[in-house]
Amino acid sequence: MLAIGFGLVWRSGLLPLPGAIAKYGGDSLWALVVFLCLGFVNPRNSTARNGIIAVCFAWSVEFLQLYHAGWIDEIRSTRLGRLVLGTTFNGLDLLAYVIGIALGYVAERV
1492 MLAIGFGLVW RSGLLPLPGA IAKYGGDSLW ALVVFLCLGF VNPRNSTARN GIIAVCFAWS
1552 VEFLQLYHAG WIDEIRSTRL GRLVLGTTFN GLDLLAYVIG IALGYVAERV
């Protein structure tokens, strides 16, 4: 819950962050939440396995942003849909996801 709250504050504009830091940091935090949720749902999986699944999931969501049908764009037009599914494909987001998941992986291993 802390990661979700921090991510929402991070992307809210309340923090005086430069644009790129706000955007890609928020993406990293989103991917960290995916990683943490997988660890919660699959506690018997290894940290590495949950990390790989998290990267696959995050990248799948990013590549899904290349698909624009009316039904999914309608979901994306809602606040929750935009937070979960995003709106526009950006290749740099893929790197931000890996960074967020890697931070979670390292924190869990430590």
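Quick note: to get this note's numbering, add 1491 to the position in the sequence shown (first position is 1).
Where a beta carbon is used, it is the ideal one built from N, C-alpha and C, also for glycine.
What does a CB cutoff of less than 6 Å around residue 1522 pick up in its chain, not counting 5 residues either side in sequence? 1549, 1588, 1591 and 1592
Quick check on DSSP: helix, strand or coil for residue 1519? helix
For the alpha helix (DSSP H) containing residue 1546, name the first residue and the last one. 1538 to 1555
According to the Cβ coordinates, are residue 1543 and residue 1529 closer than 7 Å? no
Contact under 7 Å by Cβ, residue 1585 with residue 1565: no
Please state the DSSP three-state secondary structure of residue 1596. helix
Whole-angstrom distance between residue 1494 and residue 1535, CA atom to CA atom: 22 Å
Smallest Cα separation from residue 1556: which of 1541, 1575 and 1538? 1575
Just tell me which of 1505, 1506, 1492 and 1516 has its CA closest to the CA of residue 1621. One cannot answer for residue 1621 here, as it falls past the ends of the chain, which runs 1492 to 1601.
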